[in-house]
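The structure appears below as structure tokens.
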Amino acid sequence: MNKNSLRKRRIRRVRTKIFGTADCPRLCVFRSLKHIYAQLINDETGKTLASFDSRKLKNAKNDAGTAKRVGEEIARLAKEKKIEKVFFDKHGYKYHGKVKALAEGAREGGLIF
């Protein structure tokens, strides 16, 4: 098995345990080589409630500081929709670096994991 197939297995295994609802949606993180994305997803209806990514920030670099700002913005959007509690889905990534910075930014913004 290669690295990509192992990551996909890890994602499937975690997704069976994490399920977002309207009251407590899933905060899903995706990293690309240039940007970081965050979405609040209601898995009951399959709808995205809110999303934010580093492409919407001015002068965004691909670093932990930008990821933290994305976390703060997704927390602000969640507060506007009266969402306080979320399930954090790190999408198969290690809780380290940019993923950790995004989670800390979301916590500082007021979200509860």
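Numbers in this note's numbering are just positions in the sequence shown, counted from 1, shifted up by 757.
A virtual CB, placed ideally from N, CA and C, is assigned to each residue, including glycine.
- Collapsing the DSSP output to three states places Thr823 in a helix.
- Secondary structure note for Ser762: its alpha helix (DSSP H) is the uninterrupted segment 760-772.
- Membership of Arg783 in the beta strand (DSSP E) is indicated by the continuous run 783-788.
- Taking Gly849 as reference, the option from Tyr794, Val786, Lys839 with the minimal CA-CA separation is Val786.
- Sequence-distant Cβ neighbours of Asp846 in its own chain, meaning closer than 6 Å and more than five residues away, are Ile775, Arg783, Cys785.
- About 7 Å separates the Cβ atoms of Gly828 and Ala795, confirming a contact at the 8 Å cut-off.
- Each residue's CA atom was taken as its position, placing Arg833 and Leu859 some 13 Å apart.
- Around the beta carbon of Ala779, fewer than 16 other beta carbons lie within 10 angstroms, which makes this residue exposed.
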